[in-house]
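Just so you know, the sequences run in chain order A and B. Going by the working numbering, the first residue of the first sequence is number 347, and it counts up by one from there. Going by the working numbering, the first residue of the second sequence is number 3, and it counts up by one from there. Step one of this worksheet: look at the structure below.
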Amino acid sequence: MNLHLKVWRQKNSETKGHLVDYEARNIPEDCSFLEMLDLVNEDLLSRGDEPIAFDHDCREGICGMCSLTINGIPHGPSETTTCQLYMRKFKDGATIYIEPFRVGAFPLLRDLAVNRSAFDRIQQAGGFISARVGAAQDANSILVPKTDSDHAMEAAACIGCGACAAACPNASAMLFVGAKVTHLGSLPQGQPERERRVLAMVKKMDEEGFGNCSNYLECEAVCPAEIPVTVIGQLNRDYSLALLKDNL
Amino acid sequence: MSLTLDPKIPSGPLEQKWERHKFESKLINPSNKRKFEIIVVGTGLAGASAAATLGELGYKVTAFCFQDSPRRAHSIAAQGGINAAKNYQNDGDSVHRLFYDTIKGGDFRAREANVHRLAEVSVSIIDHCVALGVPFAREYGGLLDNRSFGGAQVSRTFYARGQTGQQLLLGAYSALNRQIAAGTVEMHSRTEMLDLVTVDGHAKGIVTRNMVTGEIKSWAADCVIMATGGYGNVFYLSTNAKGSNVTATYRAYKRGAAFANPCYTQIHPTCIPVAGDHQSKLTLMSESLRNDGRVWVPKNKGDTRPPSQIPDSERDYYLERKYPSFGNLAPRDISSRSAKEVCDEGRGVGPGGLGVYLDFADSIKRLGEAKIRERYGNLFDMYHQITGENAYEMPMRIFPAVHYTMGGLWVDYNLMSNLPGLFVLGEANFSDHGANRLGASALMQGLADGYFVIPYTIGNYLAPEGGKRPTTDHPAFKQTEADVRAKIQKFLSIKGKRSVESFHRELGLLMWDHCGMGRSEKSLTRALNRIPALRQEFWENANVPGENESLNGSLEQAGRVADYLEFGELMCLDALKRNESCGGHFREEYQTPDGEAQRDDEHFAHVAAWEYQGENKTPIRHVEPLVYENVKLATRSYK
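Pasting the structure below:
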């Protein structure tokens, strides 16, 4: 198949970027979207141009490193990540707009690659259970009902790609934060630090410049890990209770 | 200085070695720990767990990863599970049985003492991961659930859906984050280690490149821990992440660290077959699928009927036929070779005949589609996205693919290489899996090394080394930094016509054809003749555009491919000198009449570790004999 691409090119955060037209020719439909970009880059190289920079690593939908806003949608028209989007989803001759994730808290590095370290800093603020190595009791001495465990797993599946914030008109990271708060808060091991965790993570989230949720639900629609928007409800509930207790 | 390989295995009975060694290991008192600086390269399961644990103990840790976040390391992609000798199923498991299964699965080419320690600490790993909040699968009563895996007749594998690696890595990442927040670990992402710095024969630092700005920088420390993963991408197509590379370990090898058993590569039996020349990587379908899927091909050559129209009597369930007691759960090396055999006979399925069926119809009939969906839903979804086929309705097509590398830098019982001060953890070392790794043992080893081994053994090196940390003003740092800069300039000045990617693809295909699932003296000799020519062409005609001072993917890739072009030769040489078949190393000349691997214990019950001799010079092969005091070397039988 043949495609018209309009790709965001930007040398670095100091220079201005713009969309550049490229023709992708003879692309097999069994190609993944990133493999299509590989082929375009090979073509650019052979013509003496610099290839398009984009983030990627595992190429099996789990590491969360790939990004891209495709035709205005983070990760494009797939239920999963960009690396698991296959060209058979597109029509021959289609025009495709490829841009970076656009979030103020994710500064652009080059072309389509952005810096998502803000997500790491939010996790560092409180996304953990303080368990010292060697101090744990036997694993089966903590009974966790299957429903709670499944609920925790559903939230823990977040891959930290940032599509939720990129899709949100408010650039909110609440699906991402809610996922961790729900994961750890659903387990008995996570209870001692539950309030401290939610307060610290929300504070950091605000400091990093992410917005608040106003129920557009775009995050849930684009989330490749199918994190349900109910985690934001859980986040709000936990945060309110923790704040209340904190103020008592 | 001639290289010595002293494994430093503690004396005493096997079951007491680790306890005794822990007691005899040197301690550093809590207030002195902060005076020691430790570099950790790589933040997968082994690196993240080591950095977090050493930080928690009070050491001053600086950690590096090339990804944009430590959470991306490729440990995250492990699907099936993690083994532990908990015997929660009351089905006859024990530390000794896990030890024995691992030694046997590795085809009797691993160190007894290391493997026993691994089996011992496996139980603590599960306890600790649960404490960290890893949401392992549970039964309705709240107890942990288990599944079984290849090469074992007990259910000892703990799992979190088909995303066990992800959950364990995120657990280690959360522990790492806690230490970053506490200020004991300083984290540098998008930073690639490009060389190891040795001072008076000791590893005392590294040189890195900031992948965004291009800044080349030296880092000094009291010791260096490398947990940089395996080298499967030498084959270009593998289940590894695109960024996974041999550069850190290979450059340490060039600075004097011995590289052990590079020919031991694991070809995983259940991957999605190659679809075309555009393909950039292969995707694994977890081995756990073999619990409920049956592997078959048509009995007759060239049978092109759709699978649903081939009656049971005309199907060959070849694993069940050849290995009745293990059936579809035969170990990985055996299952992969069997798949190759039936495809070589012309009975393969799908485009090009390079595939076999993995059929869930019987399990769906027995358990219902809902149960299968609960167990493997995400894998079936992934299969559907990639192939466009629905595996609930028709069998999956699978084919073996490069997955894991058992070889790696040589380490002693303390996980220290022959270079004092250089520790190597996880897949990057060679230690525990012998010639073949059993499923669900990689996660176990990575976390064992990081959480439970290195925190004890590192003191043996550090305690007598107090106060010997150099600064980066030392001439060794200046020289190594200059070497790194010169190499980068060399890449950028080739200005050739051919993309780095195309060299990588060509090397990968050459390695797959000549040093893949089957190797022979003839094929290996041919590869050894062809690799130097390809390497020469690379240095004359590679196209590496742009400059160092920006995010430059081509430059990153050039460094990695240049190393693969040298490393591939070392692999072939190692394979050529090991005149036997064992585990993942199958030399076609050495097989039993029924096609199984034929070991030669008299001549090859040893580790082969290679010492670098300089550019275009043949490295020296050193030998560490493997002494078996507790198990009897036997021909592996899974029949």
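The C-beta atom is built at its ideal place from N, Cα and C for all residues, glycine as well. Bear in mind the structure is a predicted one, so any value in this text is a computation, not a measurement.
- A Cβ-Cβ contact shorter than 7 Å links G107 of chain B with L440 of chain B.
- When rounded, the separation of the alpha-carbon atoms in S191 of chain B and L170 of chain B is 20 Å.
- Taking the Cβ atoms as the reference, A611 of chain B lies roughly 12 Å from K579 of chain B, outside the contact range of under 8 Å.
- At a beta-carbon threshold of 9 Å, the residues of chain B lying near I488 of chain A are V132, A133, G144, ordered along the chain.
- The DSSP-derived three-state label of N531 of chain B is helix.
- A distance below 7 Å separates the beta carbons of A571 of chain A and C504 of chain A.
- Within 10 angstroms of the beta-carbon of L178 of chain B lie 16 or more other beta-carbons, which makes it buried.
- With its beta carbon less than 7 Å from one in chain B, S495 of chain A belongs to the interface.
- The Cβ atoms of E406 of chain A and A79 of chain B sit closer than 7 Å to each other.
- DSSP places H386 of chain B in the uninterrupted alpha helix (DSSP H) bounded by 371-389.
- Contacts with chain B at 7 Å (Cβ-Cβ) do not include L351 of chain A.
- Here Q181 of chain B is buried. Its C-beta has 16 or more other C-beta atoms within 10 Å.
- Of all residues in the stretch 241-263 of chain B, only A243, K244, G245 come within less than 7 Å of chain A when Cβ atoms are compared, listed by chain position.
- The beta carbons of T459 of chain B and G234 of chain B sit no closer together than 7 Å.
- Residue-level contact check: H280 of chain B touches chain A, since one or more beta carbons of chain A fall below 7 Å from its beta carbon.
- Neighbourhood of P271 of chain B in chain A, by CB distance below 9 Å: empty, with the nearest CB roughly 17 Å away.
- Residue range 540-553 is occupied by the alpha helix (DSSP H) that includes R543 of chain A.
- Between the C-alpha atoms of A529 of chain B and L512 of chain B there is a straight-line separation of about 7 Å.
- One finds M499 in chain A with Cβ atoms closer than 7 Å to the Cβ of R163 of chain B, taken in chain order.
- Look at the stretch 261-342 of chain B and you find these whole runs of beta strand (DSSP E), each 3 residues long or longer: 267-273, 296-300.
- For R22 of chain B, the number of other beta carbons within 10 angstroms of its own is below 16, and it is reported as exposed.
- Annotated as distal: A478 of chain B and Q535 of chain A, with beta-carbon spacing of 7 Å or more.
- Under DSSP, the beta-bridge partners assigned to V609 of chain B are B:E626.
- Secondary structure note for P477 of chain B: its alpha helix (DSSP H) is the uninterrupted segment 477-496.
- Ranked by Cα distance from A399 of chain A, the options A:Y562, A:L414, A:G422 are led by A:L414.
- Counted as a single uninterrupted DSSP element, the alpha helix (DSSP H) harbouring A254 of chain B occupies residues 249-256.
- Straight-line spacing of the CA atoms in N581 of chain B and D602 of chain B works out to 8 Å.
- Proximity of I468 of chain A to chain B, defined by a Cβ-Cβ separation below 7 Å, is not satisfied.
- Residue range 218-222 is occupied by the beta strand (DSSP E) that includes I218 of chain B.
- Taking K10 of chain B as the centre and dropping the five residues before and after it, the same chain places the C-beta of D414, Y415, N416 closer than 7 Å to its C-beta, in chain order.
- F160 of chain B is bridged by DSSP to B:I84.
- Every alpha helix (DSSP H) stretch that sits fully inside the stretch 165-205 of chain B and reaches 4 residues is listed by chain position as 166-184.
- In terms of Cα proximity to A450 of chain B, the closest of B:G461, B:S433, B:L464 is B:S433.
- Per the DSSP secondary-structure output, N420 of chain B pairs with nothing in a beta bridge.
- Under the rule that a run must span 4 or more residues, the alpha helix (DSSP H) segments found entirely inside the stretch 15-80 of chain B read 19-26, 32-35, 47-59.
- For G44 of chain B, no CB of chain A lies under 7 Å from its own CB, so it is not counted at the interface with that chain.
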